[in-house]
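Residue numbers (this note's numbering): 14 to 144.
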């Protein structure tokens with residue numbers, strides 16, 4: 014489900030204010046109300062949407078429908094109470110990854126060997142590597 018659902022309902026984007034990247038978020042639901050009814054997969058909106066024959070209603074809206082195996086796993090999970098880990102962490106927004114942040118200029122370490130230091134980069138060379 015991660016591959017098929019998280020692009021629209023994960024850490025980066027939450028269409029219809031619905032996140033599906035933790036059990037708590039799934040149980041909370043979105044703009045349409047509760048996504049699932051614990052113990053009742055047949056009355057759960059999420060099951061209704063992934064099994065819909067109407068292409069305008071069915072999720073995911075792009076690509077092939079979920080496989081029968083994935084739908085069965087979802088159905089069983091809801092039927093068994095839709096439990097999840099208490100300390101489950103949601104996916105971070107990928108835009109928060111360090112590679113997408115502006116780089117910061119580190120503070121230059123103090124002089125330790127004035128004869129060795131020719132420019133600011135030399136301050137970062139460990140003592141054991143200096144000749």
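All C-beta atoms, glycine included, are put in the ideal place defined by N, C-alpha and C.
- The straight-line gap separating the alpha-carbon atoms of residue 43 and residue 135 is approximately 55 Å.
- Judged by DSSP in its simplified three-state form, residue 28 adopts helix.
- Distance from the CA atom of residue 87 to the CA atom of residue 22, rounded to whole angstroms, is 16 Å.
- Within a 10 Å sphere around the beta-carbon of residue 33 sit 16 or more other beta-carbons, which makes this residue buried.
- Comparing alpha carbon positions, the residue from 40, 63, 98 closest to residue 52 is 40.
- The beta-carbon separation of residue 79 and residue 17, rounded to 6 Å, stays under the 8 Å limit for a contact.
- Per the coordinates, the alpha-carbon of residue 116 lies some 47 Å from the alpha-carbon of residue 65.
- With respect to residue 58, residue 48 sits close: the two C-beta atoms are nearer than 8 Å.
- Judged by their CB atoms, residue 119 and residue 25 are not nearer to each other than the 8 Å cut-off.
- In the same chain as residue 105, and ignoring 5 residues on each side of it, the C-beta atoms closer than 6 Å to its own belong to 24, in chain order.
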